[in-house]
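Shown next, in structure tokens, is the structure this report addresses.
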Amino acid sequence: MVRPQICSVIAALAVFLLSPAFAATDVVMLTEDNFENEVGHDRGALVEFYAPWCGHCKNLAPDYEKLVTSFKLAKSVMIGKVDCDENKSICSKYGVSGYPTIQWYEGAQTVEILAEFVNNEGGTNVKIAASPSKVWPL
């Protein structure tokens, strides 16, 4: 009978399509075509540079997906990844020499953002001097 074989094939296909390995992801797949447009403009970006064959990358994948899912509604942050086997020029440009490499890119830079970074990294609490007012009393 052909019917049981067809049912078995359909069941196996359903299991495959519903498996975590095939699940849709919210991570932004960055390539040579879209990297410059997606990263570092109006929002911060966390980017994983990986190789599909890398064991450490495979171990990181489930936690990275949890991170992506948690931040998917945050408009001020983009979480992406670059397949370095497919996009060698990007990985070379950004100095990637091992996998996985995770880098943070700031969005639009302001003196306040830079000062906050320096204060956090340096353990300081320096305030930016206020600019003189450009409004003159009449």
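Count the sequence shown with mature numbering (1 follows the signal peptide of the UniProt record, and there is no 0) and you get residues -23 to -1, 1 to 115, in order.
Here a beta-carbon is modelled for each residue, glycine too, at the ideal position from N, C-alpha and C.
1) Between the stretch 54 to 68 and the stretch 92 to 110, do at least 3 Cβ pairs fall closer than 8 Å?
2) Ile56 bridges to which residues according to DSSP?
3) I need the straight-line Cα distance from Asn14 to Thr8, nearest angstrom please.
4) From Thr2 to Glu42, what does the alpha carbon distance come to, in whole angstroms?
5) Helix or strand or just coil, what does DSSP make of Tyr82?
6) Starting from Val4, trace the beta strand (DSSP E) both ways and give me its first and last residue.
7) Among Asp40, Cys31, Asp19, Glu89, whose alpha-carbon lies nearest the alpha-carbon of Ala51?
8) If you reduce the DSSP assignment to three classes, tell me which class Glu63 lands in.
9) Closest to Thr78 by CA distance: which of Leu37, Phe12, Gly21, Met6 is it?
10) Rounded to a whole number of angstroms, what is the C-alpha to C-alpha distance between Ala22 and Val5?
11) Have a look at Gly17 and Cys34 and give me their C-alpha separation to the nearest angstrom.
Based on what the coordinates show:
1) The stretch 54 to 68 makes no contact with the stretch 92 to 110, as fewer than three CB pairs between them are under 8 Å.
2) Taking the first residue of the sequence shown as position 1, residue 56 is located at position 79. According to DSSP, which records beta bridges pairwise, Ile56 is partnered with Leu23.
3) Taking the sequence shown and counting its residues from 1, one reaches residue 14 at position 37. Taking the sequence shown and counting its residues from 1, one reaches residue 8 at position 31. Taking the straight line from one Cα to the other gives about 10 Å.
4) Locating residue 2 in the sequence shown gives position 25, counting from the first residue. Locating residue 42 in the sequence shown gives position 65, counting from the first residue. Each residue's alpha carbon lies about 7 Å from the other.
5) Along the sequence shown, read from residue 1 onward, the residue named residue 82 stands at position 105. In this structure, Tyr82 counts as strand in the three-state DSSP scheme.
6) Here residue 4 corresponds to residue number 27 of the sequence shown, with the count starting at 1. Here Val4 belongs to no beta strand (DSSP E), and DSSP marks it neither H nor E.
7) Sequence index remark: in the sequence shown, residue 51 carries index 74 (1-based). For Ala51, the nearest C-alpha among the options comes from Asp19.
8) For this step, residue 63 is matched to residue 86 along the sequence shown. Reduced to three states, the DSSP call for Glu63 is coil.
9) For the purposes of this step, residue 78 is taken as the residue at position 101 of the sequence shown. Distance check between Thr78 and each of Leu37, Phe12, Gly21, Met6 places Leu37 closest, using alpha-carbon atoms only.
10) Against the sequence shown, residue 22 aligns to sequence position 45. Against the sequence shown, residue 5 aligns to sequence position 28. Near 10 Å, if we compare the C-alpha coordinates of Val5 and Ala22.
11) As a working note, residue 17 is residue 40 in the sequence shown. As a working note, residue 34 is residue 57 in the sequence shown. About 23 Å.
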